[in-house]
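**Q**
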Amino acid sequence: MMERIKDDCLQAAQYKLSKMEHFAGNRDWIENDQLLSDFHSDLHLSRGDSFHRMIRKIIIWKQDSQFRKLVKQQVVDAEEIVRAIEPAASSVNAFYSVRENKLVIHAGRINPPHYYPNFLNSINYGSMGMTIGHEITHGFDPEGSRHNENGMLRDWWEYSTREKYDQRVQCISNQYNNETDSVDGINLKLQVGENVADLGGLKVAFKAYQSFLEQNGPASRLPNYPDITNAQLFFLGFGQSMCSKEKKKHLIEQHGNDAHPPNKFRLILSTRNNREFAKAFNCPAGSKMNPIMQCDIW
C-alpha cells in the first residue's frame, strides 16, 4: 500500500475489499433444465440449418432477447437482467463490476492454459492467481478508487493520498507511452486502469503464493528441471497466460480502442516493475528488466 496513507482512508479501502462480492463458474439456473428451456424458448433451430445459419440465428436471437428485455422493460427481476446481458458462462473471461463491487470469473476461464487442476500451484498462482489479483485491483484503480463499497461514486480518499496515487499512475502511463511508441493507433488513455490492475494483480498474486508456501511447506517443482525455482515457475505461469503472437495490423484493430493493452506490453511492463521478478531471475540492477526507477503503486 502507498506510504503514509491516512488511517481512515486505509480503513475505508479495507472495508470496501471486505464487501467485495465474488462469483466463479456457472450460475445455478444453467443446470435447471426448465429454466434453460424457457430461456431458449424463442430460439428456433432446425436440423436442416447449416452451421453458419445456426450461428447467425443464435447471434440475432441473443441481440433481440437483450433488446426485448431491456428496451421494452420486460425484465421482472434482477436475476433475469443478469441472464439477459451477461456474457456466456463458457466465455474465457473475468471482470470486475465497479458499480456492484463484484468480481466474476466465468467457467471458461477456469481451464488450461489459465488454470490446471492437477498441475503445479506455482503455475496456477502465476496465471489464475494473477487474474484474480488483477480484478480485485480494479476496485482501486483510477476508476474503482472513486467508487465506494456499494459502487456509488464517492470521493472517499484523502487529498494527499489521491495526489500521491495520481503521481504513481502517471509513472506507469509514461512507461507505457515510451514502450508503445512503435505502435500507432492505440488509445493509451483507455488502458491506464488495466495497467494499474496488472501491476497490482501480479504483486498480490505473488504474495498469495508466498503465503501458500508458508502454510503448506515446500512446493513441487518440474522433475526434469530441478534448477527452476518456485518463484521462477510463478512468473513463467504468468508469462504463459499472456503468450500471444499478433501482427502490427491486428494490434491496432484489436487494441486501438480496447481497455486492454497488447499482451506483449502487459507482460514486459508488469514484470519490469516487479522486484520479485528481478530477484527470481537475478536481473542486474539498472538492466532493462530491473530499472533503477520502477513504478510501484501498492
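For the sequence shown, position 217 matches number 217 in the UniProt record's numbering, and the numbering has no gaps at all. Beta carbons: idealized from backbone N, C-alpha and C, even for Gly.
(1) Whose C-alpha, out of 134, 278, 238 and 243, is nearest the C-alpha of residue 126?
(2) If you reduce the DSSP assignment to three classes, tell me which class residue 169 lands in.
(3) When you compare the CB positions of residue 298 and residue 200, do they come within less than 8 angstroms of one another, or not?
(4) Start and end of the beta strand (DSSP E) containing residue 15?
(5) Using the Cβ count rule (16 or more neighbours within 10 Å means buried), how would you classify residue 55?
(6) Look up residue 22 in the DSSP assignment and give the residues it is bridged to.
(7) By the 10 Å Cβ neighbour count, where 16 or more other Cβ atoms means buried, how is residue 243 classified, buried or exposed?
(8) Classify residue 7: buried if its beta carbon has 16 or more other beta carbons within 10 angstroms, exposed otherwise.
(9) Let me know the secondary structure DSSP gives residue 115 once reduced to three states.
(10) How big is the Cα-Cα spacing for residue 270 and residue 212?
(11) What residue range is occupied by the uninterrupted beta strand (DSSP E) comprising residue 94?
(12) If I follow the unbroken alpha helix (DSSP H) through residue 209, where does it start and stop?
(13) In angstroms with no decimal places, state the Cα-to-Cα distance between residue 169 and residue 44.
(14) Would you grab the beta carbon distance between residue 29 and residue 42 for me? Rounded to a whole angstrom, and I think it's under 8 angstroms.
(15) For residue 210 and residue 226, I'd like the C-alpha separation in whole angstroms.
(16) Rounded to whole angstroms, what is the Cα-Cα separation between residue 204 and residue 293?
(17) Going by DSSP in three states, residue 153 sits in which element: helix, strand or coil?
(18) Compute the distance between the beta-carbons of residue 280 and residue 232, then report whether it is under 8 angstroms.
(19) Of all the options 68, 124 and 49, which has the alpha carbon lying nearest to the alpha carbon of residue 236?
(20) Short check: CB of residue 129 to CB of residue 197, under 8 angstroms?
(21) Would you kindly report the start and end of the unbroken alpha helix (DSSP H) that includes residue 273?
(22) Anyone know if the C-beta pair for residue 147 and residue 98 falls short of 8 angstroms?
(23) On the DSSP letters alone, give me the boundaries of the alpha helix (DSSP H) that residue 148 sits inside.
(24) Just the Cα atoms here: how many angstroms apart are residue 346 and residue 106?
(25) Under 8 angstroms, do residue 31 and residue 94 count as touching if we go by C-beta distance?
(26) Would you call residue 141 buried or exposed, if buried means 16 or more other Cβ atoms sit within 10 Å of its Cβ?
(27) If you count every other CB in all the chains shown that lies within 10 Å of the CB of residue 92, and 16 or more means buried, which is it?
(28) Thinking just about the alpha-carbon of each residue, which of 20, 151, 156 and 40 is nearest to the one in residue 9?
(29) So residue 228 is in the alpha helix (DSSP H); what residue range does that whole segment cover?
(30) Grouping DSSP H, G and I as helix and E and B as strand, with all else coil, what is residue 290?
**A** A quick look at the data gives this:
(1) 238
(2) helix
(3) yes
(4) Not the beta strand (DSSP E): residue 15 falls in the alpha helix (DSSP H), residues 7 to 19.
(5) exposed
(6) 103
(7) exposed
(8) exposed
(9) coil
(10) 22 angstroms
(11) 94 to 97
(12) Segment 192 to 216, the alpha helix (DSSP H) holding residue 209.
(13) 50 angstroms
(14) That belief does not hold up - the Cβ atoms of residue 29 and residue 42 are roughly 17 angstroms apart, past 8 angstroms.
(15) So the two alpha carbons sit approximately 19 angstroms from each other.
(16) 21 angstroms
(17) strand
(18) yes
(19) For residue 236, the nearest C-alpha among the options comes from 124.
(20) no
(21) First-last for residue 273: undefined, no H or E at that position.
(22) Yes, the pair counts as a contact, with Cβ atoms nearer than the cut-off.
(23) That residue, residue 148, is in no alpha helix (DSSP H); it is neither H nor E in DSSP.
(24) In the structure as shown, the chain begins at 1 and stops at 298. Residue 346 is therefore absent and cannot be evaluated.
(25) no
(26) buried
(27) exposed
(28) 156
(29) Unbroken run through residue 228: none, as it is neither H nor E.
(30) strand
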